[in-house]
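Numbering (our numbering), first residue to last: 8 to 133.
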């Protein structure tokens, strides 16, 4: 007959830690870490992403299997697709300067608008 083993020699059960899925991500437009927050509205079935710094937003339809990382991944895929099609979906132009002006705003366009305002000679067309 054998004898019982002591408590110190028994195997201890260690609970494994569950991986935490992040809910805040890096913004693809302003490149700030943990600036994009994800909210999942299960009643409306909409996943929403919004950057706290630049205000970039994205929404998509979700179902019960979606997680915040799925919504963020879809947004990144849509951004890459828009850039591949010609850059029509980007919010800011990237020309290497420290300041990123909104697309479509250029010095020549504002100069033309200022010149057109001076040509009116004070006549109001109401």
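C-beta atoms are modelled at their ideal positions from N, C-alpha and C, and glycine is treated no differently. The model shown is predicted, which means the values in this text are computed figures rather than measured ones.
Note the first and the last residue of the continuous alpha helix (DSSP H) segment covering residue i.
i, result
"residue 78", "75-91"
Apart from the five residues just before and just after residue i, which ones in its own chain have a Cβ nearer than 6 Å to its Cβ?
i, result
"residue 47", "54"
"residue 45", "30, 56, 75, 78"
"residue 62", "none"
"residue 58", "34, 42, 43"
Buried or exposed: which applies to residue i, given that a residue is buried once 16 or more other Cβ atoms fall within 10 Å of its Cβ?
i, result
"residue 29", "exposed"
"residue 32", "buried"
"residue 21", "exposed"
Using a Cβ-Cβ cutoff of less than 8 Å, which residues in the same chain neighbour residue i once the five nearest sequence positions on both sides are dropped?
i, result
"residue 52", "68, 69, 70"
According to DSSP, which residues form a beta bridge with residue i?
i, result
"residue 43", "32, 58"
"residue 68", "53"
When the Cα atoms are used, what is the spatial distance from residue i to residue j?
i, j, result
"residue 65", "residue 26", "26 Å"
"residue 60", "residue 34", "9 Å"
"residue 80", "residue 37", "17 Å"
"residue 86", "residue 19", "49 Å"
"residue 90", "residue 40", "21 Å"
Going by beta carbon distance, what residues of the same chain come within less than 7 Å of residue i, once the five residues before and after it are set aside?
i, result
"residue 83", "35"
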